[in-house]
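Only one structure is covered here, and it is reproduced in the block below.
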């Protein structure tokens, strides 16, 4: 069984002479070290930061070392950091957008080893680009119809949600998880759609008054961006006009 053992050899002859070897001590160890991720290790998934943290703990009576490994999407080793004690904390910084793989292995003095599961981490530190495009009414516009068309252009590979803040109430145009989109607000009617990187909403049944809105987008890593705010005035009521009393009568 696992433990510490000491031995030596001894011999004697028929005349009573004896001799012995020096003592030797051996340690038998067939148990692999325990190993696990500890906080604040970066979990698998999408992240919008440029670093990955690894905090690796390993427990073994005869621990030799712990090594944390970071690979890029092609499987090329970017960094390996080894410590002789537990935990092994390392912060891999200065990373660019891309997919990375993180794991760790610990060894004991007998050569037994154990490894963590590999974590796949997608780094996206690029802010989505969003702006108004054609058919969107200009900022400060006065319009005589009861509807307006808001057309957004977005440049982002991993779009999560696109929406419009309409008078401080959100209208979702697109949701990558298939959630509710284009809900109506207070009797207004919103129709939404998208083609490629264009996302639009048509707001109708608008009563006369002032309206403020902006478009926004976030990606699957949590990066966020929004357009500038625009204000428009809906005025569908023609001005009243009549002749004054001093005006000559007709005919």
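Residue numbers (our numbering): 23 to 273. Here a beta-carbon is modelled for each residue, glycine too, at the ideal position from N, C-alpha and C. All figures in this text were calculated on a predicted structure; none of them were measured in a lab.
Assignment of alpha helix (DSSP H) within the region 115–187, counting only whole runs of 4 or more residues, yields no such run. Boundaries of the beta strand (DSSP E) harbouring residue 248: 246–248, taken from the DSSP string.
The region 143–153 makes contact with the region 122–130; the number of CB pairs closer than 8 Å reaches 3 or more.
With a cutoff of 7 Å on beta-carbon distance, residue 76 and residue 63 are scored as near each other. The C-alpha of residue 175 lies about 40 Å from the C-alpha of residue 139. In this structure, the alpha-carbon of residue 166 lies about 46 Å from that of residue 68. In the DSSP assignment, residue 88 is bridged to 105 and 128. Proximity to residue 162 across 137, 260 and 235 peaks at 235, based on C-alpha coordinates. The beta carbon of residue 103 sits closer than 6 Å to the beta carbons of 90 and 112 from its chain, once the five residues preceding and following it are set aside; these are given in chain order.
With a 10 Å radius around the Cβ and a threshold of 16 neighbouring Cβ atoms, residue 252 comes out buried.
Secondary structure note for residue 82: it is in no beta strand (DSSP E), with a DSSP letter that is neither H nor E. For residue 215, the enclosing beta strand (DSSP E) starts and ends at 211–217. Rounded to the nearest whole angstrom, the C-alpha separation of residue 157 and residue 191 is 22 Å. Looking at the DSSP output, residue 221 shares a beta bridge with 174 and 216.
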